[in-house]
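Okay, so here's the structure we're looking at.
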Amino acid sequence: GQQLEQKDKQLQLLKASVEETMQTTVESGIKSYSAAVQQKGESGTVCDSNILKKVMKSVAAEEDRSKNLIVFGLKEEDEEQLPALVNAVLDEIGEKPHFKATRVGWKRPGTAIRPVKITVPSSTAVHQILMKTERLRLVETHKDVWICPDRSSEERATR
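For the sequence shown, the numbering used here gives the first residue as 445, with consecutive numbering after it.
In structure tokens form, the structure reads like this:
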């Protein structure tokens, strides 16, 4: 009985502490956001809307990119069945996600092979596939195929 009451008091104290911390965190987050919006930019206007738009576009693009993979070295053919080619590669590493696949870049005459962009339902699926890509090197038919995360032009420039 007494132990149960003691545990109940501890639980109540913990709950109160968590609620207070959450309230403080939420309030400070709202204050920091509103402070950023209220700051005057160089033009003298309240937080330039163009800057906010750029930030929002950047965040949205990064979120979109987290669900994409880029496959290099997948042979390009006339009248190719791209989903079947991608399925064959993913089967080799033991993954079978739903996906959309498209070639990226311009088709040029000659030997240039365009990369394939694969879009999967979640960033978790991307992570699972990336963890298994090493297996492709062991498969004779896919040893020249690489799967990489979809990177922004800034990220590609730093590599």
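Where is the CB? At the ideal position from N, CA and C, for every residue including glycine.
On the criterion of 16 or more Cβ atoms from any shown chain inside 10 Å, does residue i qualify as buried, or is it exposed?
i	result
A556	exposed
H586	buried
A528	exposed
M588	Residue 588 is actually Asp in this sequence, not Met. Exposed, because fewer than 16 other Cβ atoms sit within 10 Å of the Cβ of D588.
N512	buried
I573	buried
Tell me the DSSP bridge mates of residue i?
i	result
R547	V560
P593	L513
Can you look up residue i in the DSSP assignment and give me helix, strand or coil?
i	result
L513	strand
E584	helix
L574	helix
Q456	helix
Q447	helix
L526	helix
D492	coil
K497	helix
L518	coil
R603	coil
Exercise for the section: Taking 8 angstroms as the threshold, find out whether the segment 550-566 comes into contact with the segment 513-527 through three or more Cβ pairs. Expected result: When Cβ pairs closer than 8 angstroms are counted between the two stretches, the segment 550-566 is seen to touch the segment 513-527, the count reaching three or more.
Handout entry: Segment contact flag, the segment 530-538 with the segment 573-582, C-beta cutoff 8 angstroms, min 3 pairs
Key = yes
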